[in-house]
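In what follows, a structure is listed as structure tokens, so that the remarks can point back to it.
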């Protein structure tokens, strides 16, 4: 059975998240349904990142095994045609045959997320659901400086959902950059893998720094506490995008 | 009566356009309704650009006269609060008191539009309604070169809607740049004023150049024909944004 790598974009707003769940609509189910429509096969996709409800992607990666050896572009176009028929806000950017050694989740060596904050008095008209709107002025420079406290290998229990199923809270954070461009503050972060809700927990904590309520030392103390209760209020899913997966 | 300049952003998708029309929902009516909700006054806004149905703005400008002398920020925040209550996709970015000599439409000395084309095989998942999706590869360099044929003062009858109410078809086009950035082709254009449907007509014609059906000389011939029938198929409203107005 040929294996295909799918590069996927989605607006996560209408979905219960990436992962298939009984009684709820997910990005994974939307794609599996589209593949069923095109190839008449009931398949299971495996994705690189199990994004939460409302989280978006411009570079999600998944793999799927199909019975027939279709041309790559046929897979991409046919799945997109079926996604469109079902009015899904999901698109396959590329489909490419890969070897059986490729596993979208377990072969991934890096994951890159972008978090977008719209920092202005007026609410978003064009980007509703695509940004976190924070009307109070944030100091992006202070947020960036504090963010550097979190780089490296740490126990990220503070920044981990109580529902996180990872066996270890240890992760190595490779990048956590905060930069302002006009009214937009972009947080870019990279790691081999992240804990459940880690990015949104870190961004919510950095927002406290941006508004002057916390210092960089407070962020370090929160990390060292290894206590979920020490985390700032979690940022909403709206601003979060899975942008790239490394293999 | 103090006059206020309003800088406005909107997602034009749900509206019949900027201008108030009987029996249809417009951006102007949404704002007038929000002002009524906040100040109990029935007002008439005048906007710099009468954008069509489905056209967006990040920098529309309008003026309005109010009975009371409110602080600028109160006007901005109160109008936004009422827009939100009504679930409008419109936001006031800034409100500022101006003299009676300021007229959003007649004082404008320049208008700047952006047209965004998503040029890739996969349809947009995140930017549906915000871009013109063209799956066939377009040559942005050829489009830019052909666009330069349209710069300067010309009779733009070819690129003007049959419904255009301007007394003269003469306009001076100051900028028409086409540039690719990844899968996105951005067309940026500036003039003191544009004819009805002029930007979408020019972009639709340039797309024909991008796909190799027309040459730069064909664009020049279409302009010289001064005939609406010589225009390429008009680009959809989805990709068009009024980004800035000069005074």
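Protein chains in written order, with the numbering used here: chain A, 2 to 248; chain B, 2 to 248. Positions of the beta carbon are idealized from the N, C-alpha and C atoms, including for glycine. Since the structure is predicted, the reported quantities are computational estimates derived from the model, not experimental observations.
{"Item": "N-terminal and C-terminal residue of the alpha helix (DSSP H) that residue 89 (chain B) is part of", "Value": "First-last for residue 89 (chain B): undefined, no H or E at that position."}
{"Item": "Proximity of residue 243 (chain B) and residue 92 (chain B) at Cβ, strictly below 8 Å", "Value": "no"}
{"Item": "Backbone CA spacing between residue 3 (chain A) and residue 113 (chain A) [nearest angstrom]", "Value": "28 Å"}
{"Item": "Any C-beta of chain B under 8 Å from that of residue 98 (chain A)", "Value": "no"}
{"Item": "CA-to-CA distance, residue 209 (chain B) to residue 223 (chain B), given in whole angstroms", "Value": "12 Å"}
{"Item": "From B:245, B:121 and B:163, residue whose alpha carbon lies closest to that of residue 138 (chain B)", "Value": "B:121"}
{"Item": "Close-in-space but distant-in-sequence residues of the same chain around residue 70 (chain A) (CB under 6 Å, 5 per side omitted)", "Value": "3"}
{"Item": "Nearest-angstrom Cα separation, counted from residue 247 (chain A) out to residue 174 (chain B)", "Value": "45 Å"}
{"Item": "Buried or exposed by the 16-neighbour rule on C-beta atoms within 10 Å, applied to residue 154 (chain A)", "Value": "exposed"}
{"Item": "Validate contact between the segment 165-179 of chain A and the segment 188-204 of chain A using beta carbons, cut 8 Å, 3 pairs", "Value": "yes"}
{"Item": "Unbroken stretches of the beta strand (DSSP E), 3 residues or longer, contained in the segment 9-96 of chain A", "Value": "57-66"}
{"Item": "Per-residue burial, residue 178 (chain A) [other beta carbons within 10 Å of its own, 16 or more giving buried]", "Value": "exposed"}
{"Item": "Ordered list of beta strand (DSSP E) runs contained in the segment 126-200 of chain A, each at least 3 residues", "Value": "153-156, 171-182 and 185-192"}
{"Item": "Sufficient close CB pairs (3 or more, under 8 Å) joining the segment 130-150 of chain A to the segment 79-92 of chain A", "Value": "no"}
{"Item": "Cα-Cα separation between residue 55 (chain A) and residue 187 (chain A), rounded to whole angstroms", "Value": "18 Å"}
{"Item": "Chain B within 8 Å of residue 91 (chain A), Cβ atoms only", "Value": "yes"}
{"Item": "Buried/exposed call for residue 40 (chain B), threshold 16 Cβ in 10 Å", "Value": "buried"}
{"Item": "Beta-ladder partner(s) of residue 111 (chain B), from DSSP", "Value": "B:247"}
{"Item": "Beta-bridge pairing of residue 98 (chain B) - partner residues as DSSP gives them", "Value": "B:5"}
{"Item": "Residue from A:164, A:32, A:44 and A:195 whose Cα sits closest to the Cα of residue 79 (chain A)", "Value": "A:32"}
{"Item": "Minimum C-alpha distance to residue 94 (chain A) - residue among B:127, B:190, B:109 and B:194", "Value": "B:127"}
{"Item": "In DSSP terms, what residue 117 (chain A) is bridged to", "Value": "A:187"}
{"Item": "Element boundaries [alpha helix (DSSP H), containing residue 217 (chain A)]", "Value": "217-226"}
{"Item": "For residue 239 (chain B), the nearest candidate out of B:45, B:115 and B:111 (CA to CA)", "Value": "B:115"}
{"Item": "Residue closest to residue 182 (chain A), alpha-carbon to alpha-carbon, out of A:19, A:212 and A:140", "Value": "A:140"}
{"Item": "Span separating the alpha-carbon of residue 216 (chain B) from that of residue 206 (chain B)", "Value": "10 Å"}
{"Item": "Close Cβ partners of residue 150 (chain A) (< 7 Å) along its chain, the five nearest in sequence each way excluded", "Value": "217, 220, 221 and 224"}
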